[in-house]
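What follows is a set of notes on a single structure, which appears directly below.
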Amino acid sequence: ETGVTQTPRHLVMGMTNKKSLKCEQHLGHNAMYWYKQSAKKPLELMFVYNFKEQTENNSVPSRFSPECPNSSHLFLHLHTLQPEDSALYLCASSPGGSETQYFGPGTRLLVL
Amino acid sequence: GIQVEQSPPDLILQEGANSTLRCNFSDSVNNLQWFHQNPWGQLINLFYIPSGTKQNGRLSATTVATERYSLLYISSSQTTDSGVYFCASMTTDSWGKLQFGAGTQVVVTP
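Structure (structure tokens):
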């Protein structure tokens with residue numbers, strides 16, 4: 010499925026690095042989301058965007074900074090992360106807030 | 010927020026067997042989805058089913074919204090059905106906030 014793409018697919022970074030994750034959806038959807046999936050834990054919603062406006066920040070630490078320049082692109086800027094931030098980061102999109110969410114393949118992040 | 014509980018947490022099946030996965034949710038929902046996560050982490054949409062019954066090949070799902078549960082049926086299981094199955098739901102006052110259950114790990118043996 011190529012509806013939602015994410016880059017990079019794998020990322021290793023040190024605690025002092027700055028990196029960005031990119032998500033792009035080709036489905037014409039209006040809502041985009043970032044989720045975090047840590048080992049042995051359910052998926053956790055991080056951020057919700059509707060028509061480029063952030064509508065939800067689920068108590069995410071400020072070292073994660075989202076950016077949504079338009080309805081098709083979503084970024085997650087990372088800085089001074091901790092080893093416990095190592096996880097699979099998933100992006101999703103949906104036509105509207107209560108409709109089916111479609112997920113990208115994820116970025117596996119390892120923080121050393 | 011809404012609570013989503015899945016059972017069983019783990020399931021081992023012989024190829025060809027049938028199984029039922031359950032999802033209980035604590036509030037009225039306007040979105041309920043079933044996903045299959047493959048070993049590479051990709052979440053694959055199976056069903057969008059806030060109520061009623063749907064079928065897609067060997068998979069089918071039923072949601073009884075008034076009793077706050079959903080069931081996913083896998084018939085004639087194949088090794089490619091292995092992976093984690095997630096249920097996720099959302100209430101009418103939680104725009105975009107899909108709450109996931111902990112998942113059911115399914116292993117189908119040849």
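Top to bottom, those sequences are chains A and B.
If you're matching positions, the first sequence starts at 10 in our numbering and goes up one per residue.
If you're matching positions, the second sequence starts at 10 in our numbering and goes up one per residue.
Ideal placement from N, C-alpha and C gives every residue a C-beta, glycine not left out.
Note that the structure is predicted; figures quoted are calculated from it, not measured.
Going by DSSP, what residues sit across from residue i in a beta bridge?
{"i": "A/Met22", "result": "A/Val120"}
{"i": "B/Ser84", "result": "For B/Ser84, which the question treats as bridged, DSSP gives no partner whatsoever."}
{"i": "B/Glu14", "result": "B/Asn33"}
{"i": "B/Asp19", "result": "B/Gln114"}
{"i": "B/Ala26", "result": "Beta-bridge pairing links B/Ala26 to no other residue."}
{"i": "A/His82", "result": "A/Glu33, A/Asn79"}
{"i": "B/His45", "result": "B/Ile53, B/Tyr94"}
{"i": "A/Val69", "result": "Paired residue(s): none; A/Val69 is not in a bridge."}
For residue i, does the count of other Cβ atoms within 10 angstroms reach 16, so buried, or fall short, so exposed?
{"i": "B/Ile83", "result": "buried"}
{"i": "A/Phe60", "result": "exposed"}
{"i": "A/Pro75", "result": "buried"}
{"i": "A/Leu119", "result": "exposed"}
{"i": "A/Gly115", "result": "buried"}
{"i": "A/Trp43", "result": "buried"}
{"i": "A/Leu36", "result": "exposed"}
{"i": "B/Val116", "result": "exposed"}
{"i": "A/Ser107", "result": "buried"}
{"i": "B/Ser60", "result": "exposed"}
{"i": "B/Val38", "result": "buried"}
{"i": "B/Trp43", "result": "buried"}
{"i": "A/Val21", "result": "exposed"}
Output needed for residue i: all residues of its chain with C-beta closer than 8 Å, excluding positions within five of it in sequence on either side, in chain order.
{"i": "A/Ser68", "result": "none"}
{"i": "B/Thr118", "result": "Ile21, Leu22, Gln23, Glu24, Thr88"}
To the nearest angstrom, how far is the alpha carbon of residue i from that of residue j?
{"i": "A/Phe73", "j": "A/His88", "result": "7 Å"}
{"i": "B/Thr89", "j": "A/Tyr98", "result": "24 Å"}
{"i": "B/Ser16", "j": "B/Leu30", "result": "6 Å"}
{"i": "B/Thr62", "j": "B/Ser91", "result": "23 Å"}
{"i": "B/Leu22", "j": "B/Gly10", "result": "33 Å"}
{"i": "A/Glu93", "j": "A/Met55", "result": "15 Å"}
{"i": "B/Gln46", "j": "A/Gln110", "result": "14 Å"}
{"i": "B/Arg67", "j": "A/Pro70", "result": "42 Å"}
{"i": "A/Ser47", "j": "B/Ala111", "result": "11 Å"}
{"i": "A/Glu33", "j": "A/Thr14", "result": "5 Å"}
{"i": "B/Gln12", "j": "B/Thr101", "result": "14 Å"}
{"i": "A/Leu52", "j": "B/Gln64", "result": "25 Å"}
{"i": "B/Ser35", "j": "B/Leu107", "result": "13 Å"}
{"i": "A/Thr25", "j": "A/Lys31", "result": "20 Å"}
{"i": "B/Gln51", "j": "B/Glu76", "result": "30 Å"}
{"i": "A/Lys49", "j": "A/Asn79", "result": "33 Å"}
{"i": "B/Leu55", "j": "A/Phe112", "result": "12 Å"}
{"i": "B/Trp49", "j": "A/Pro17", "result": "14 Å"}
Within a Cβ cutoff of 7 Å, which residues of the same chain sit near residue i, ignoring the five residues on either side of it in sequence?
{"i": "B/Ala26", "result": "Ser86"}
{"i": "A/Ser95", "result": "Leu118, Leu119, Val120"}
Skipping 5 residues on each side, what residues in its chain have a beta carbon closer than 6 Å to that of residue i?
{"i": "B/Thr71", "result": "Thr62, Leu80"}
{"i": "B/Ile58", "result": "Leu41, Ala70, Thr72"}
{"i": "A/Gly23", "result": "Leu121"}
{"i": "A/Pro104", "result": "His38"}
{"i": "B/Gln114", "result": "Asp19, Val93"}
{"i": "A/His19", "result": "Arg117"}
{"i": "A/His86", "result": "Ser29, Ser74"}
{"i": "A/Thr64", "result": "Val57"}
{"i": "B/Phe109", "result": "Phe95, Ala97"}
Return yes when the C-beta of residue i is under 7 Å from any heavy atom of the ligand HEM, and no when it is not.
{"i": "B/Trp43", "result": "No copy of the ligand HEM occurs in the structure displayed, which carries no ligand at all."}
>> Closer than 7 Å between beta carbons: that is the criterion. Which residues of the stretch 51–79 of chain B meet it against chain A?
In response: So the close ones are Gln51, Leu52, Asn54, Tyr57.
> In the stretch 12–43 of chain B, which residues sit with their C-beta less than 7 Å from some C-beta in chain A, listed in chain order?
Replying inline: Contacts with chain A (Cβ-Cβ distance below 7 Å) from the stretch 12–43 of chain B involve Asn39, Asn40, Gln42, listed in chain order.
> Of all the residues that make up the stretch 93–106 of chain A, which are near chain B by a beta-carbon distance shorter than 9 Å?
Replying inline: Among the residues of the stretch 93–106 of chain A, those with a Cβ less than 9 Å away from any Cβ of chain B are Leu97, Leu99, Ala101, Ser103, Gly105, Gly106, in the order of the chain.
> Relative to chain B, which residues along the stretch 62–89 of chain A have a C-beta separation below 9 Å, given in chain order?
Replying inline: Those residues of the stretch 62–89 of chain A placed with their C-beta closer than 9 Å to a C-beta in chain B are Thr64, Glu65, Asn67, ordered along the chain.
> If contact means a Cβ-Cβ distance below 8 Å, which residues of the stretch 89–100 of chain B contact chain A?
Replying inline: Only those residues of the stretch 89–100 of chain B whose C-beta falls short of 8 Å from the nearest C-beta of chain A are listed: Phe95, Ala97, Met99.
>> Taking beta-carbon pairs under 9 Å, can you tell me which members of the stretch 105–119 of chain A lie near chain B?
In response: Look at the stretch 105–119 of chain A: the residues with a C-beta under 9 Å from a C-beta of chain B are Gly105, Gly106, Ser107, Glu108, Thr109, Gln110, Tyr111, Phe112, Gly113, Pro114, Gly115, Arg117.
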